[in-house]
Structure formats: structure tokens, C-alpha cells
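Enquirer: Take 41 as the starting number for the sequence shown in the working numbering and just add one per residue.
Every residue, glycine too, gets a C-beta built ideally from N, C-alpha and C.
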Amino acid sequence: MDASSLDDFDLQQLNDRDKNELRKFLANENQKARVQATIHSLTDMCFNKCITGAIKSGKLDKTEEGCMANCADRFLDVSSLTVKQLQNMRQG
41 MDASSLDDFD LQQLNDRDKN ELRKFLANEN QKARVQATIH SLTDMCFNKC
91 ITGAIKSGKL DKTEEGCMAN CADRFLDVSS LTVKQLQNMR QG
């Protein structure tokens with residue numbers, strides 16, 4: 041089904057089970073897109089922070105490798121703490 045036929049498709053013709061399945065599918069796709077955006081942001085931020093010199097080969101040197109791992113770990117730590125804090129604020 042191409043985009044033009046999807047535009048012409050009447051969602052009202054779907055039964056409740058199909059509507060729920062479509063909602064779940066779209067929610068999953070949206071979640072995948074958010075994960076991809078987060079990974080892109082993390083990669084971009086850590087690359088700019090850790091790769092400061094000229095790129096001499098296809099591999100990271102030991103300093104760059106350690107910096108990238110540490111940067112990614114800190115990013116994930118902060119993200120986790122932020123989610124927990126937001127959940128606490130929502131509950132309390």
C-alpha cells in the first residue's frame with residue numbers, strides 16, 4: 041500500500057480489533073523513532089566531546105574509546121535519573 045492509497049483509506053472501515061492493532065503498531069513505531077533519535081543525539085554529543093583531533097584511522101584510540109564509553113554511560117545515567125525524577129513528580 042503506497043502513501044496515496046493510505047491517504048484514501050477510510051479508518052472508520054476498520055473493526056475495533058484492527059484499530060487497536062494499528063494503534064499498537066503506531067505506538068511501537070513512535071517508540072522506535074524516539075530511541076533512534078536518542079541514540080543519534082548520544083552519538084553526536086559524545087563524538088563532538090571525545091573526538092577532538094584529526095581522525096587518523098578507522099578506529100578510536102584508547103583515550104577516545106574510554107571517553108566515548110564514559111560519555112555514553114553518563115548520558116544513560118542522567119537519562120535514567122531524569123525519568124525517575126519525572127515519575128516521582130507525577131506520582132507525588
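1. Check whether the stretch 97-107 and the stretch 115-125 are in contact - that is, three or more C-beta pairs closer than 8 Å.
2. Which residue from Lys72, Cys86, Phe65 and Arg63 puts its Cα closest to that of leucine 116?
3. How big is the Cα-Cα spacing for asparagine 60 and glutamate 69?
Expert: On the basis of the data shown:
1. Put simply, the stretch 97-107 does not touch the stretch 115-125. Fewer than three CB pairs are less than 8 Å apart.
2. The residue with the shortest Cα to Cα distance from leucine 116 is Cys86.
3. Per the coordinates, the alpha-carbon of asparagine 60 lies some 14 Å from the alpha-carbon of glutamate 69.
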